Structure formats: C-alpha cells, structure tokens
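Student:
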Amino acid sequence: MRNFIVFNNTFVYDTYALIEILKENPNYRPYLDSNIMINDFIFAEFCYVLFRDKDPKADKYIQEIESFIVHVSPTVIKNAMEFRFNWKDRKVSITDCMGYFMAKELGINFLTGDKEFEKLENVEFVK
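FYI, my numbering numbers position 111 of the sequence shown as 113, with every residue one higher than the one before it.
Put into structure tokens, the structure is as follows:
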C-alpha cells in the first residue's frame, strides 16, 4: 500500500455504507465528514450496484469516489481469503472480506451495515 496519513475520522467504507449515504440514510449522517477509503473490490461492487439499479447519477458518483481507492497489500488478500474460507458457511463476500482486512491492516474501522460483521473488532456497524 502507498504511504499516507490516516486521520482519526477515517474509515474503510463498505459498499453498503456508500449506498446508504447516497440514499440519505440519517444514521450515516455523522460519517459525511469522515475520510473515506475504499479498495478496488469495493469500487467494483459500488459501480455494479449503481449500474444494476440504473442510477441516473452513476457516472457522477463513480467519478467522485475514484480518488478514495487504495490498493490492498498481498497480506490483506491472503488474510481476507483465509477468513472467507473459514467463514464459508456465513457466505461473506470477497469484497467485504477485503474491506475488513484492509481496515485491520490500517488500524481503522470498517464502516458497514452488513450483519455478518456486526460483532467483529475494527467494525463501525451502522444500519
């Protein structure tokens, strides 16, 4: 991963969180001024959801979020895939596992509303 400063109000945003912000979910209002980090997997899933839902502002949202992409390290990939394998009965996505382990490596929280991650450390769970 490239070197950068991580501020206290920085989170790895899951696709769930990004979509809830676009839907103007009031529970996500406190995170509007936080620093956003995503990875390529989250970016890909975000694009897919916007296109699937035929969002008329998809191109605008995609352009706005591109600058927040941070590439993940091989260690994150390895740990995320081992975690996913061990949790295969819970059907967690590759994208969610990558986001969670990226946040762990950076020492920040993973912002999500996905119930599978609700009780894990380094998770900011918001519905």
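Where a beta carbon is used, it is the ideal one built from N, C-alpha and C, also for glycine.
Computed from a predicted structure; not experimentally measured.
(1) Applying the 10 Å Cβ sphere with the 16-neighbour rule, what's the burial state of Lys-20?
(2) Which same chain residues, not among the five before or five after Glu-120, have their C-beta less than 7 Å away from its C-beta?
(3) To which residues does DSSP link Asn-134 through a beta bridge?
(4) What's the C-alpha gap between Asp-91 and Glu-118?
(5) What residues in its chain sit with their C-beta under 8 Å from that of Met-100, if we drop five residues either side in the sequence?
(6) Curious, which full-length alpha helix (DSSP H) runs of at least 4 residues does the stretch 11-97 contain?
Tutor: So, from the listed chains and residues:
(1) Within the sequence shown, numbered from 1, the residue matching residue 20 stands at position 18. For the sequence presented, residue 20 should be read as Leu rather than Lys. Buried, by the Cβ-count rule.
(2) Reading the sequence shown from its first residue, position 118 is the one you call residue 120. Correct list, in chain order: Phe-127.
(3) What is shown of the chain runs 3 to 129, which leaves residue 134 out entirely.
(4) Start at 1 with the first residue of the sequence shown, and residue 91 comes out as number 89. Start at 1 with the first residue of the sequence shown, and residue 118 comes out as number 116. So the two alpha carbons sit approximately 11 Å from each other.
(5) As a working note, residue 100 is residue 98 in the sequence shown. Excluding positions up to five away in sequence, the list reads Asn-41, Phe-43, Ile-44, Val-74, Val-78, Ile-79, Ala-82.
(6) 17-24, 42-54, 60-67, 76-88
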